[in-house]
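Encoded as structure tokens, the structure appears first; notes follow it.
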Amino acid sequence: MRILIVDDEPFYIEQFKKKLAIAGSEMGIEISVAGQCYDGREALDFIAKDMPDAVFTDIRMSALDGIELAKAIRQSYPELPVVIVSAYPSFDYLREAMRVNVSEYLLKPIDMQALKAILDKLALQCRSRSDKLARDCLLAVLASPQLEESTVQAARRALFHPFYRALFVRNRESVYEYPVLAPNIEEDNEVLCQALRPLLGEQPSWIIPLDDGRSRLIVLAMTGENGHDLPALLASVSSHYASDGIKPSIVYSEAITDILRLNRLVPALRAALADRIVIGKPSFFAVSTPYAPVTAPYSDIERAKLDKLLSVQDTSGASAFIRGLFRSWESGSYPMKAIGKRMREIVSGIERHRDDSSRLEFNDGDARIDELLQTARTLPELAEGFLSMLALVFGWDEVEQEGGDFSRLFARIETYIASHIGQPLSLPLLTEHFHVSKTQLCNLFRDYTGKSFVEYVTSYRMRKAQDLMRFYPSMRNKEIAEMVGYPDQNYFSRVFTTVIGMSPSDFRSRSAANGD
1 MRILIVDDEP FYIEQFKKKL AIAGSEMGIE ISVAGQCYDG REALDFIAKD
51 MPDAVFTDIR MSALDGIELA KAIRQSYPEL PVVIVSAYPS FDYLREAMRV
101 NVSEYLLKPI DMQALKAILD KLALQCRSRS DKLARDCLLA VLASPQLEES
151 TVQAARRALF HPFYRALFVR NRESVYEYPV LAPNIEEDNE VLCQALRPLL
201 GEQPSWIIPL DDGRSRLIVL AMTGENGHDL PALLASVSSH YASDGIKPSI
251 VYSEAITDIL RLNRLVPALR AALADRIVIG KPSFFAVSTP YAPVTAPYSD
301 IERAKLDKLL SVQDTSGASA FIRGLFRSWE SGSYPMKAIG KRMREIVSGI
351 ERHRDDSSRL EFNDGDARID ELLQTARTLP ELAEGFLSML ALVFGWDEVE
401 QEGGDFSRLF ARIETYIASH IGQPLSLPLL TEHFHVSKTQ LCNLFRDYTG
451 KSFVEYVTSY RMRKAQDLMR FYPSMRNKEI AEMVGYPDQN YFSRVFTTVI
501 GMSPSDFRSR SAANGD
């Protein structure tokens, strides 16, 4: 932490330097004196050229006193902490300091415990500002392939570590159609950072959710090219993002020296993971590892066999045959992308034996298969989900639920959601309550509502929120948010604006104007 000392007494400055050194050593905080100035004007000139992390200033000086200096700093550098140091315990001075919103007020002669308490707060603020600046620079680097020179310079000042490594992990449970609907993950990120800290030491890490709502980019700073225990780090990250006992795969980069390479590296990480991820069989691999695209086997002979079964409407035989295909794909550990391609080919083959009325819309078919791929924990679960989808879409008598009446099962699910709308709702919760797989639930929501589970629940909650705003105009947004399942009012407002197309306050105004 770099500190600027401002005082018109050179003797005091030297004494204060010694106290700072002692306090920093005893607290384990790296403290350096960025500079020393003898009045407020000199201090402002210094700050403009070399920004410190904090300013300690005497209150009574010629030219520009401590209060005026603090006021000027607040106007030009609102994030820069200012500590007023005074030999006068006057309430008038304290009141003036409070008016200009100084960070702390320290009395002379300086008590070491009081100084340590202030330094501890400032160090925490400094780390927070540094992390925020670094994170903002990382986001700027990722946002554009062509960076302005000012962004380049800011990134290199904030991200000054010798080496970096990027990890890319897919969070299977985060399947959101709208990126803004993804929940606030700051607390989750902090949990992971705490878990990584013993492995990283003093080197920072940044966790960045990507715009697809499903992926996490983890950037690790390193002092050397092999500056950490990579296997232990990968295992820790994989365990953190595990769901239902299934850990995700992770792709990682080699150590890089130029952080500006990150915006070109992320697409390569994303593509590598999409090409190689195997459902139910997590693995860790470097993006630079040579890889030849793999195709899941589905021969012309196998296509002909399935066509023959479909031509005679032997859906039971077709189901058994498709299960066999999935078993062969599981034994060969074929990647998700290759299996998804084969699933689409099977659907196309079935559609050729049906009339137009039973065809899947192109986008709907892709959406259903993508959901199955994202939610299935194992290949057998994916196979059952796929067959359940075929049963629902094409009328195959394959899956028995509620005596074969899917509508009764889904009616019960809808009733449950309606009666628990103010509580946390998730696919795992419904899976446990109704004893069906996640893949089958995804199929039911698509078949009976045309929406994914997340879209359906979000839409239902927003409709309930609109009704409450219309019929109970005096009810506060915070109360409505909690009633429809959003403990965080700000998050509720973002979701409402995204789904409804206007903010809650605008909706209230429009409803009142229309007499609703």
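Using full-length UniProt numbering, the letters of the sequence shown correspond one by one to residues 1 to 516. Each residue gets a CB set at the ideal place from its N, CA and C atoms; glycine is no exception.
Between threonine 57 and alanine 43 a beta carbon distance of about 7 Å is seen, short of the 8 Å cut, so the two are scored as contacting. Per DSSP, valine 169 is one residue of the beta strand (DSSP E) stretching across 163–170.
Rounded to whole angstroms, the gap between the alpha carbons of leucine 373 and serine 388 is 14 Å. DSSP, read as helix, strand or coil, puts serine 215 in strand.
Glutamine 466 counts as buried, since no fewer than 16 other beta carbons sit within 10 angstroms of its beta carbon. The alpha-carbon of aspartate 275 is positioned some 8 Å away from that of alanine 338. Here phenylalanine 160 carries a coil assignment [DSSP, helix/strand/coil].
Distances from the alpha-carbon of threonine 289 to those of Ala268, Val436, Lys478, Asp111 put Ala268 closest.
Glutamate 455 has no beta-bridge partner at all, per DSSP. Ranking Val457, Phe410, Leu468 by CA distance to the CA of leucine 441 puts Phe410 first. Two segments are said to touch when three or more pairs of C-beta atoms, one from each, lie closer than 8 Å; by this definition the stretch 128–143 touches the stretch 195–206. The beta-carbon distance between proline 248 and arginine 165, rounded to whole angstroms, is 18 Å. This is too long to meet the 8 Å contact definition.
Secondary structure at serine 205: strand, using DSSP grouped into helix, strand and coil. Straight across, the Cα-Cα distance linking glycine 422 with leucine 273 is about 36 Å.
The beta carbon of alanine 383 sits closer than 6 Å to the beta carbons of Arg323, Phe326 from its chain, once the five residues preceding and following it are set aside; these are given in chain order.
Contact between isoleucine 3 and aspartate 50 fails: their C-beta atoms lie close to 12 Å from each other, not under 8 Å.
Under the 10 Å beta carbon count, leucine 124 is surrounded by fewer than 16 other beta carbons and is classified as exposed. A straight-line Cα-Cα distance of about 7 Å links valine 237 and leucine 192. Look at valine 278 here: in three-state DSSP terms it is coil, with no helix or strand label.
Boundaries of the beta strand (DSSP E) harbouring serine 32: 32–37, taken from the DSSP string. With 16 or more other Cβ atoms from the protein chains shown falling within 10 Å of its own Cβ, histidine 240 counts as buried. In the structure shown, the three-state DSSP call for isoleucine 73 is helix. Alanine 54: member of the beta strand (DSSP E) spanning 54–58, first to last residue.
Relative to the Cα of serine 299, the nearest Cα in the group Tyr105, Glu345, Ser503 belongs to Glu345.
Sorting Ile413, Leu444, Phe163 by C-alpha distance to the C-alpha of leucine 429 places Ile413 at the top.
A direct Cα-Cα distance of roughly 18 Å separates isoleucine 369 from tyrosine 456. Per DSSP, the unbroken beta strand (DSSP E) holding valine 85 starts and ends at 82–86. DSSP places serine 328 within a helical segment (H, G or I) once states are collapsed to three.
Comparing C-alpha distances from lysine 464 to each of Phe492, Leu119, His228, Glu190 shows the shortest one belongs to Phe492. Taking the C-beta atoms as reference points, glycine 280 is found nearer than 8 Å to isoleucine 246.
With contacts defined by Cβ atoms closer than 8 Å, alanine 63 and aspartate 45 do not form a contacting pair.
The three-state reading of DSSP puts arginine 408 in helix, counting H, G and I together. Looking at the DSSP output, methionine 222 shares a beta bridge with Phe163.
Scanning Val454, Val287, Ser319 for the CA closest to the CA of aspartate 307 turns up Ser319.
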